[in-house]
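Q: I am attaching a structure below and will ask some questions about it afterwards.
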Amino acid sequence: MVPEAEFRSYYGRPVIKAPIWHEPHMPTYLYLGGLSGVSSMMAVVAGFTGHHRLARTTRVAAALGAAAGAGLLAAELGRPERFLNMLRVFKPTSPMSVGSWILAAQGGLSAVAASSELTGILPVVGDAALLATGVTGPLTATYTAVLVADTAVPAWHEAYRELPFLFAGSALASAGALGMLATPRAEAGPARAVAVLGAAMETVSGVVMERRLGTAGEPYRQGRAGRLMRSARALTAGGGLLAAVAGRSRTVTALSGLALTAGALFTRFGILAAGRASAADPKYTVVPQRQRLDGERPA
């Protein structure tokens, strides 16, 4: 009997380089980008449907989320001017280049929309900027999934089908949670509905992702990443269930909003941890490659 092969690399080095993104900068940036994008969408819809208090809240949330996210991204890059350097060119084939322009547009437009709302100056300009975020918002909420999947990291690259849905669901839950917490309960009905939808989407897409990935999905179930993802799923599912009845109680609203927020953050930290674990173990790079060469579907 030939002994089972061990998956090792030369001199104990990984086959691919592990992600160099830092904590808490990058996971929090991913969270804030999703929050800003969906908050913009909620502000547009709330304005058209007469939920003016919710529209005001989500306008401000979109601007603050985009500004804080850009600050964290600049800190992650090491020198703030590097973010500005990425805006010198527009490269459609680069998710990082396209994402930088999306974030810059979302940040500028949401800042104009929020400033106009708070000061009452140039309301027509503010409303026009808000309508424009109806385009940049969805892109801001989901482009980071493409950014993550467009890498050689097995746990991310193999999950390219589900990550956009996972990120979109988490962003919906995040924005819905903030809308619930910062808006009077009587006017926060749409925010609760968004939170419930997001929690369901995030939970289902996460389960589908881990099952479909097979071997490549092990990092999402093991070690630190596994603990984070399980905690995220429990918090998100619980927060979504509470959001469905949160209109009856201030306490339930607070618990739901906090649980959904924590779940969204844990998801981002768990995804980063899973990526690092899959890059460190040659098995997650070699096994799927061999299966594809043999004409098999990666297990």
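Going by this note's numbering, the first residue of the sequence shown is number 34, and it counts up by one from there.
Where is the CB? At the ideal position from N, CA and C, for every residue including glycine.
With 16 as the cutoff for other CB atoms within 10 Å, does residue 231 come out buried or exposed?
A: buried
Q: Could you give the C-beta distance for residue 208 and residue 196, rounded to a whole number, given that I count them as a contact under 8 angstroms?
A: Actually they do not touch by this definition, with Cβ atoms about 18 angstroms apart.
Q: What whole-angstrom Cβ distance do residue 186 and residue 311 have, given they're in contact under 8 angstroms?
A: 6 angstroms
Q: Do you know whose CA, among 270, 60, 147, lies nearest residue 258's CA?
A: 60
Q: Where residue 171 and residue 71 are concerned, what is the direct C-alpha to C-alpha distance, given to the nearest angstrom?
A: One C-alpha to the other measures close to 6 angstroms.
Q: Kindly give me the distance between the Cβ atoms of residue 49 and residue 318, rounded to whole angstroms, as I take these residues to be in contact under 8 angstroms.
A: About 6 angstroms; that satisfies the 8 angstroms criterion.
Q: Buried or exposed for residue 123, going by 16 or more other Cβ atoms inside 10 Å?
A: exposed
Q: Any beta-carbon of chain C closer than 9 angstroms to the one on residue 278?
A: Protein chains in the displayed structure number just one, and chain C is not present.
Q: What are the start and end residues of the alpha helix (DSSP H) that includes residue 160?
A: 156-182
Q: What runs of the alpha helix (DSSP H), each 4 residues or longer, lie entirely inside the segment 124-151?
A: none
Q: If you reduce the DSSP assignment to three classes, tell me which class residue 120 lands in.
A: coil
Q: Taking the alpha helix (DSSP H) that residue 189 falls in, what are its first and last residues?
A: 187-190
Q: Buried or exposed: where does residue 92 fall if 16 or more other Cβ atoms within 10 Å of its Cβ makes it buried?
A: buried
Q: From residue 284 to residue 87, what distance separates their C-alpha atoms?
A: 19 angstroms
Q: Taking just the CA atoms, how far does residue 316 sit from residue 275?
A: 40 angstroms
Q: Can you tell me the Cβ-Cβ gap for residue 102 and residue 69, rounded? I've got them flagged as a contact below 8 angstroms.
A: 6 angstroms
Q: Tell me which residue opens and which closes the alpha helix (DSSP H) that residue 304 is part of.
A: Per DSSP, residue 304 belongs to the alpha helix (DSSP H) from 283-313.
Q: Taking C-alpha atoms, which residue in 314, 313, 309 lies nearest to residue 55?
A: 309
Q: For a test of the three-state rule: what should DSSP assign to residue 217, helix, strand or coil?
A: coil
Q: Is the number of C-beta pairs between the segment 138-156 and the segment 109-124 that are closer than 8 angstroms three or more?
A: no
Q: Which residues mark the beginning and the end of the alpha helix (DSSP H) in which residue 55 is found?
A: Looking at the DSSP string, residue 55 is not in any alpha helix (DSSP H), and its letter there is neither H nor E.
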